[in-house]
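Protein chains in written order, with my numbering: chain A, 1 to 113; chain B, 1001 to 1114. Even glycine gets a Cβ: it sits at the ideal position worked out from N, Cα and C. As structure tokens, the structure follows; a few thoughts come after it.
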């Protein structure tokens, strides 16, 4: 069964600290994995995409990793800011089909001053 | 470039009423989706469409209907609203299912059924 699990469910950190969010998946055949950021009251927006051959990709203070062998991805946020407070959703695409997207339930990150 | 536009942003319905959530995209995307998001839960697929005239059920289609008469528009119809349909609804689109097709989301429509 194709599933995506994220941990932790929620996280509170102090401004300026680092944190790492986890995403484990069982989607097969795997095509790619995206991390989306969803601000409160807004729609999700893509942060980064990881394909099978990519291990690490950075987007500013966000660094995503992918281990295709263990089917795990992480999103590391460096020097957190108050604006990083949001839900982070991991979405895994299978290789074919219009309905080929599998969503994690998200990690709710709160950055406090 | 407006992207994906949803209306209304907020709506309160009485049990048994009907309404239509509107969604339009200006990116000429073939694929469009409707999701619902309940508090603390992930996004669940209601219906999707791969092009004008083609729609299919997702994970939670009961109580909803859709149509896709044009590439741009993908309205979601709620018939006989029930409290269980209280949720935030997101419309999304992408070019196709291949490659690294990014999903573009609307801002959401918050529906309360009392």
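Residue i - containing beta strand (DSSP E), residue span
{"i": "residue 109/A", "result": "107-112"}
{"i": "residue 1087/B", "result": "1087-1094"}
{"i": "residue 1004/B", "result": "1004-1007"}
{"i": "residue 30/A", "result": "30-38"}
Min CB distance residue i to chain B below 7 Å
{"i": "residue 105/A", "result": "yes"}
{"i": "residue 100/A", "result": "yes"}
{"i": "residue 113/A", "result": "no"}
{"i": "residue 46/A", "result": "yes"}
{"i": "residue 61/A", "result": "no"}
{"i": "residue 16/A", "result": "no"}
Residue i in three-state terms, based on DSSP
{"i": "residue 47/A", "result": "strand"}
{"i": "residue 1084/B", "result": "helix"}
{"i": "residue 53/A", "result": "coil"}
{"i": "residue 1049/B", "result": "strand"}
Cβ neighbour criterion (16 or more within 10 Å) applied to residue i
{"i": "residue 1024/B", "result": "buried"}
{"i": "residue 1041/B", "result": "exposed"}
{"i": "residue 64/A", "result": "buried"}
Nonlocal neighbours in the same chain, by C-beta distance under 6 Å from residue i, ignoring five residues either side
{"i": "residue 39/A", "result": "86"}
Short CB-CB distance (under 7 Å) between residue i and chain A
{"i": "residue 1018/B", "result": "no"}
{"i": "residue 1043/B", "result": "yes"}
{"i": "residue 1106/B", "result": "yes"}
{"i": "residue 1090/B", "result": "yes"}
Residue-level contact to chain E via CB, residue i, 7 Å cutoff
{"i": "residue 87/A", "result": "This model lacks chain E altogether; the protein chains it does include are A and B."}
7 Å Cβ shell around residue i - same chain, five flanking residues per side excluded
{"i": "residue 16/A", "result": "79, 80"}
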